[in-house]
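*Asks:* Handing you this structure, nothing more for now.
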């Protein structure tokens, strides 16, 4: 997984791939926030973290996020409620090597399905669409040949998501805080001691000396 770069340069990272009571996925019986959250300012450019092909851009991006069965029941419920506009604008890009990246909560997408992009190209702008408390980027990585991960039961029962999706991978396996454009950490919000399911840290804070 070479050639990755930070998708929102110079931001502040305030959420990690970590255990969280409201997490969407289950790892080892515990709910997990399966991505990282980085913020700068509303409207800032979101960049492609790697070369690849755009699979989807819009409010139905979950269809390309590797669930184990149809998302029609989920979107049928949304159509009945008239709540499609409440979904996150998300771009999903396939890197051609078995991984996909999802860029969520965008204000707008600047690419279309089928576009071929290179790392560093603007693919959208930072926003707060979907279930977001403020402008930021939620960045998630999907391993397409990985094991199935369980979706938290409340999302299956209440929102009609499928029961499983392909493995989500901690983005800090390919990104580091020493790379160009790396975010800073917010004092008092510390990275997890270990990455769920991995058993070791992935966020290594550079030595200021």
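In the working numbering, the protein residues as written are 1332 to 1540.
Using N, Cα and C, we set each Cβ at its ideal position, and we do this for glycine too.
From the DSSP output, read off the bridge partner residues of residue 1356.
*Replies:* For the purposes of this step, residue 1356 is identified with residue 25 of the chain shown, where counting begins at 1. In the DSSP output, where bridge partners are listed per residue, residue 1356 has 1363, 1482.
*Asks:* What did DSSP end up calling residue 1546 once you bin it into helix, strand or coil?
*Replies:* This structure cannot settle anything about residue 1546, because the visible part of the chain is limited to 1332 through 1540.
*Asks:* Would you kindly check if the distance between the Cβ of residue 1481 and the Cβ of residue 1356 is under 9 Å?
*Replies:* As a first step, residue 1356 is located in the chain shown; it is residue number 25 there, counting from the start. As a first step, residue 1481 is located in the chain shown; it is residue number 150 there, counting from the start. The answer is yes: Cβ separation under 9 Å.
*Asks:* Would residue 1514 and residue 1343 qualify as a contact pair, given that the criterion is a beta-carbon distance under 9 Å?
*Replies:* Numbered from 1 along the chain shown, position 183 holds the residue referred to as residue 1514. Numbered from 1 along the chain shown, position 12 holds the residue referred to as residue 1343. Going by C-beta atoms, residue 1514 is nearer than 9 Å to residue 1343.
*Asks:* Assign residue 1416 to one of three DSSP states: helix, strand, or coil.
*Replies:* Locating residue 1416 in the chain shown gives position 85, counting from the first residue. DSSP places residue 1416 in helix when its eight states are reduced to three.
*Asks:* Apart from the five residues on each side of it in sequence, which residues of its chain come closer than 7 Å, Cβ to Cβ, to residue 1537?
*Replies:* Position 206 of the chain shown, counting from 1, holds the residue named residue 1537. 1508, 1509.
*Asks:* Residue 1442: which of 1371, 1385, 1518, 1512 sits nearest, CA to CA?
*Replies:* Along the chain shown, one-based indexing puts residue 1442 at 111. Of 1371, 1385, 1518, 1512, the residue nearest in Cα terms is 1385.
*Asks:* Indicate the three-state DSSP secondary structure (helix, strand or coil) for residue 1349 in the structure shown.
*Replies:* The residue labelled residue 1349 in the question sits at position 18 within the chain shown. It is a strand residue.
*Asks:* Given residue 1334, which residues of its chain have a CB within under 7 Å of its CB, disregarding the five upstream and five downstream residues?
*Replies:* Within the chain shown, residue 1334 is the residue found at index 3, counting from 1. Result list for residue 1334: 1381, 1382, 1450, in chain order.
*Asks:* Could you round the C-beta distance between residue 1471 and residue 1365 to whole angstroms and report it? I think they count as a contact, below 8 Å.
*Replies:* Counted from its first residue, the chain shown places residue 1471 at position 140. Counted from its first residue, the chain shown places residue 1365 at position 34. Indeed they touch by this definition, with Cβ atoms about 6 Å apart.
*Asks:* Is the beta carbon of residue 1503 closer than 9 Å to that of residue 1534?
*Replies:* What you label residue 1534 is simply residue 203 of the chain shown in a count that begins at 1. What you label residue 1503 is simply residue 172 of the chain shown in a count that begins at 1. For residue 1534 and residue 1503, yes; Cβs fall inside 9 Å.
*Asks:* For residue 1396, does the count of other Cβ atoms within 10 angstroms reach 16, so buried, or fall short, so exposed?
*Replies:* By 1-based counting over the chain shown, the position of residue 1396 is 65. Under this definition residue 1396 is a buried residue.
*Asks:* Grouping DSSP H, G and I as helix and E and B as strand, with all else coil, what is residue 1407?
*Replies:* Stepping through the chain shown from its first residue, residue 1407 is reached at position 76. Correct three-state label for residue 1407: helix.
*Asks:* Which one or two residues does DSSP pair with residue 1371 in a beta bridge?
*Replies:* As a first step, residue 1371 is located in the chain shown; it is residue number 40 there, counting from the start. None, per the DSSP bridge assignment.
*Asks:* Which residue wins for smallest C-alpha separation from residue 1403, given the options 1414, 1413, 1391?
*Replies:* Taking the first residue of the chain shown as position 1, residue 1403 is located at position 72. Nearest of 1414, 1413, 1391 to residue 1403, Cα basis: 1391.
*Asks:* Less than 6 Å between C-beta atoms, sequence neighbours within five positions excluded: which residues of the same chain meet that for residue 1461?
*Replies:* Stepping through the chain shown from its first residue, residue 1461 is reached at position 130. Around residue 1461: 1418, 1419, 1436.
*Asks:* Enumerate in chain order the residues of its own chain whose CB-to-CB distance from residue 1512 is below 7 Å, with the five nearest sequence positions on each side excluded.
*Replies:* Translated into the one-based positions of the chain shown, residue 1512 becomes position 181. 1336, 1337, 1340, 1341.
*Asks:* Is the closest heavy atom of the ligand FMN to the C-beta of residue 1420 under 8 Å?
*Replies:* The ligand FMN is absent from the structure shown, which contains no ligands of any kind.
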